[in-house]
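Asks:
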Amino acid sequence: MKKIIIIPIYDTLLLPDVTFYFRKEVIDGWTVGNLNAGDTVAFIMLKQDISVNAAGPEDFYPVGISAKIENTDNEGNIRIRTLDRVDFTNITVKGDKVNAEITVRPEIDDISAEDRKEEFEKIKSEYLKFVQNFQWGLWARGFILQWKNMNELACAMAGYFSITWEEKYAVIEADSISERYTLIENAAYEFMEMAIVQSGAEETQKEEHEKQYREAAIRKQIDILQKELEEMHPESISDISKFRRMIDESGMNETARKEADKVLNRMKQEGQDGHEYGMLYDYLDFVTALAWRPAEPTEINLEKAEQILDADHYGLKKVKERIIQQMAVMALNKKQAGSILLFVGAPGTGKTSIGQSIAKALGREYVRI
Numbered sequence: 106m107k108k109i110i111i112i113p114i115y116d117t118l119l120l121p122d123v124t125f126y127f128r129k130e131v132i133d134g135w136t137v138g139n140l141n142a143g144d145t146v147a148f149i150m151l152k153q154d155i156s157v158n159a160a161g162p163e164d165f166y167p168v169g170i171s172a173k174i175e176n177t178d179n180e181g182n183i184r185i186r187t188l189d190r191v192d193f194t195n196i197t198v199k200g201d202k203v204n205a206e207i208t209v210r211p212e213i214d215d216i217s218a219e220d221r222k223e224e225f226e227k228i229k230s231e232y233l234k235f236v237q238n239f240q241w242g243l244w245a246r247g248f249i250l251q252w253k254n255m256n257e258l259a260c261a262m263a264g265y266f267s268i269t270w271e272e273k274y275a276v277i278e279a280d281s282i283s284e285r286y287t288l289i290e291n292a293a294y295e296f297m298e299m300a301i302v303q304s305g306a307e308e309t310q311k312e313e314h315e316k317q318y319r320e321a322a323i324r325k326q327i328d329i330l331q332k333e334l335e336e337m338h339p340e341s342i343s344d345i346s347k348f349r350r351m352i353d354e355s356g357m358n359e360t361a362r363k364e365a366d367k368v369l370n371r372m373k374q375e376g377q378d379g380h381e382y383g384m385l386y387d388y389l390d391f392v393t394a395l396a397w398r399p400a401e402p403t404e405i406n407l408e409k410a411e412q413i414l415d416a417d418h419y420g421l422k423k424v425k426e427r428i429i430q431q432m433a434v435m436a437l438n439k440k441q442a443g444s445i446l447l448f449v450g451a452p453g454t455g456k457t458s459i460g461q462s463i464a465k466a467l468g469r470e471y472v473r474i
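Right under this line is the structure:
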């Protein structure tokens with residue numbers, strides 16, 4: 106074959122007997138001369154997407170496609186008809202121009218014309234059925250009906266196939282037409298299967314989102330109605346509203362407030378029929394009852410404390426003296442926490458009641474834990 110214009114391309118599947126269009130700027134980075142209708146060109150495949158000046162002979166695949174330019178226009182559009190697969194030998198790169206010796210690569214015609222047509226029509230029919238399930242199906246149908254052979258199908262769909270550039274090149278390189286058809290069919294059916302799975306996943310996700318939005322809207326409406334009902338009947342305030350108010354008024358620190366809000370949200374989601382509702386209720390009832398705000402310091406009146414202890418308990422002189430001593434230390438240090446006092450004795454000797462008297466003397470509430 107005589108020397109012809111060589112155009113490097115990357116990640117584009119081209120096969121014989123296919124008409125395709127491209128823009129002139131696609132090849133503006135390479136010196137190919139003026140392209141006119143009737144010119145013969147050859148497309149050589151780059152192994153990777155690299156700049157013009159960085160490419161060397163080893164960066165090109167040895168098998169490419171020859172083609173004839175059918176038409177060009179003033180807007181930079183070029184229509185090309187592919188011809189044969191070709192071998193490139195003695196590849197050289199000078200600046201941004203590629204030169205090579207080109208010869209037609211023979212094919213192994215191991216499938217009859219009738220079988221070719223049958224396989225192509227079968228997969229074309231599958232695609233026409235497949236696109237009916239999508240919104241863009243009407244547009245795709247017109248696109249599919251223009252395919253005239255298996256090579257056109259492969260070139261048109263190559264950009265959608267889940268195959269690498271190396272796998273696309275394997276289709277170009279395959280000498281056996283039967284092998285090439287098998288590679289194309291595998292990629293075509295895999296694309297359909299993946300599209301169906303993805304569409305199903307997207308539909309499921311859409312339904313899940315719609316369910317969440319609907320649930321959120323219903324919950325918001327319930328909250329509004331519940332608030333109106335509570336304003337009309339304060340005695341029927343819900344547990345959620347009650348605990349919300351108690352949390353707001355409790356004076357909790359930030360850490361405790363976050364945890365209480367978290368439990369309240371769980372309780373709200375659980376609902377009164379939930380098996381954890383009672384446990385969550387008890388937890389919030391407990392934490393909101395705690396004294397989160399610092400207590401106002403009270404003056405310890407030792408004389409009054411002694412009178413209370415004497416009035417509540419006869420005898421126990423040493424015990425009461427020890428208690429008064431502890432109160433005196435608290436009064437001097439201005440420390441309200443005090444110490445832990447341990448009372449030891451048989452049942453009925455006044456351990457509990459003297460604890461109640463201490464609380465009364467300090468002006469505190471008596472709590473049993």
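Going from the sequence shown to my numbering is simple: count from 1 and add 105.
Ideal Cβ placement from N, Cα and C applies to all residues, glycine included.
Keep in mind the model is a prediction, meaning the values are calculated, not measured.
1) Measuring alpha carbon to alpha carbon, tell me which of D328, A361, R184 and T360 ends up nearest S346.
2) In this structure, how does DSSP classify S341 when only helix, strand and coil are distinguished?
3) Drop a sphere of 10 angstroms on the beta-carbon of S156, count the other beta-carbons inside from all chains shown, and report buried for 16 or more, exposed for fewer.
4) Taking 8 angstroms as the limit between beta carbons, can you name the residues of its chain near C260, skipping five residues before and five after?
5) In three-state DSSP terms, what is G181?
6) Is the Cβ-Cβ distance between A160 and V191 less than 8 angstroms?
7) To the nearest angstrom, report how far apart E426 and R469 are at their CA atoms.
8) Tell me whether I109 sits in a helix, a strand or coil according to DSSP, three-state version.
9) Using the rule of at least 16 other Cβ atoms within 10 Å of the residue's Cβ for burial, across every protein chain shown, is G169 buried or exposed?
10) In the DSSP assignment, the alpha helix (DSSP H) including K456 goes from what residue to what residue?
11) Just the Cα atoms here: how many angstroms apart are E284 and A322?
12) Quick check: what's the CA-CA separation for R398 versus K316?
13) Is the Cβ-Cβ distance between D116 and D164 less than 8 angstroms?
14) Identify the continuous beta strand (DSSP E) that holds K202 and give its terminal residues.
15) Which one or two residues does DSSP pair with S171 in a beta bridge?
16) How should A279 be labelled, buried or exposed, when 16 other C-beta atoms within 10 angstroms of its C-beta is the threshold for buried?
17) Please give the ranges of any alpha helix (DSSP H) in the segment 368-400, keeping only runs that are unbroken, at least 4 residues long and fully inside the region.
18) In its own chain, which residues sit with a C-beta less than 7 angstroms from the C-beta of Y232, not counting the 5 before and 5 after it?
19) Rounded to the nearest angstrom, how far is the Cβ of V424 from that of I463, given a contact under 8 angstroms?
20) On the three-state DSSP scale, how would you describe R473?
21) CA-CA distance, A396 and E354?
22) Buried or exposed for M299, please, with buried defined as at least 16 other CB atoms from any protein chain shown within 10 angstroms of its CB.
23) Excluding the 5 residues preceding and the 5 following I183 in the sequence, name in chain order all residues of the same chain whose CB lies nearer than 8 angstroms to its CB.
24) What are the partner residues of F165, as DSSP defines its beta bridges?
25) Could you give the C-beta distance for A466 and L414, rounded to a whole number, given that I count them as a contact under 8 angstroms?
26) Could you give the residue range of the beta strand (DSSP E) that holds Y126?
27) Opposite V191 in the DSSP bridges: which residues?
28) How long is the line joining the alpha carbons of Y471 and D387, rounded to whole angstroms?
29) May I have the straight-line CA-CA distance separating N254 from I111, to the nearest angstrom?
30) With which residues is T360 paired in a DSSP beta bridge?
31) Counting only the same chain and skipping the five closest in sequence on each side, list residues whose C-beta sits under 7 angstroms from that of A433.
32) Tell me whether K253 sits in a helix, a strand or coil according to DSSP, three-state version.
33) In whole angstroms, what is the alpha-carbon distance linking I109 and E206?
Replies: Let me lay it out:
1) Ranking the options by Cα distance to S346, first place goes to D328.
2) Reliability of the predicted coordinates at S341 is poor, the pLDDT of 47 falling under 50, and no value is obtained from them.
3) With fewer than 16 other Cβ atoms from the protein chains shown falling within 10 Å of its own Cβ, S156 counts as exposed.
4) Excluding five sequence positions before and after C260, the CB atoms of its chain that fall closer than 8 angstroms to its own CB belong to L118, L119, L120, V123 and F125, given in chain order.
5) Coil.
6) No, Cβ-Cβ distance for A160 and V191 is not below 8 angstroms.
7) Each residue's Cα considered, the two are about 20 angstroms apart.
8) The three-state reading of DSSP puts I109 in coil, since its state is none of H, G, I, E or B.
9) G169 sits buried, since 16 or more C-beta atoms from the chains shown fall within 10 Å of its C-beta.
10) For K456, the enclosing alpha helix (DSSP H) has its first and last residue at K456 to L467.
11) A direct Cα-Cα distance of roughly 57 angstroms separates E284 from A322.
12) Take the alpha-carbon of R398 and the one of K316: they are about 42 angstroms apart.
13) Not closer than 8 angstroms, so no.
14) Element bounds for K202: K202 to V209.
15) In DSSP, S171 forms a bridge with A147.
16) Per the 10 Å Cβ criterion, buried.
17) Listed in chain order, the complete alpha helix (DSSP H) runs (minimum 4 residues) inside the segment 368-400 are 382-394.
18) Close CB contacts of Y232 within its chain, under the 7 angstroms cut and outside five residues either way in sequence, are with I249 (chain order).
19) Rounded, the Cβ-Cβ distance is 11 angstroms, inconsistent with contact.
20) Coil at R473, not helix or strand.
21) For A396 and E354, the distance between alpha carbons rounds to 11 angstroms.
22) Residue environment: M299 is assigned as exposed (fewer than 16 neighbouring CB atoms within 10 Å of its CB, all protein chains considered).
23) In chain order, Y126, F127, R128, K129, L140, I174, N176 and T177 place their CB closer than 8 angstroms to the CB of I183, counting only its own chain and leaving out the 5 sequence neighbours on each side.
24) Under DSSP, F165 shares a beta bridge with L151.
25) That belief holds up - the Cβ atoms of A466 and L414 are roughly 7 angstroms apart, short of 8 angstroms.
26) Element bounds for Y126: T124 to R128.
27) V191 is bridged to G169 and V209.
28) The straight-line gap from Cα to Cα measures roughly 21 angstroms.
29) Rounded to the nearest angstrom, the two C-alpha atoms are 26 angstroms apart.
30) According to the DSSP secondary-structure assignment, T360 is paired through a beta bridge with no residue.
31) Excluding residues within five positions, the ones whose Cβ falls inside 7 angstroms are L407.
32) Correct three-state label for K253: coil.
33) One C-alpha to the other measures close to 9 angstroms.
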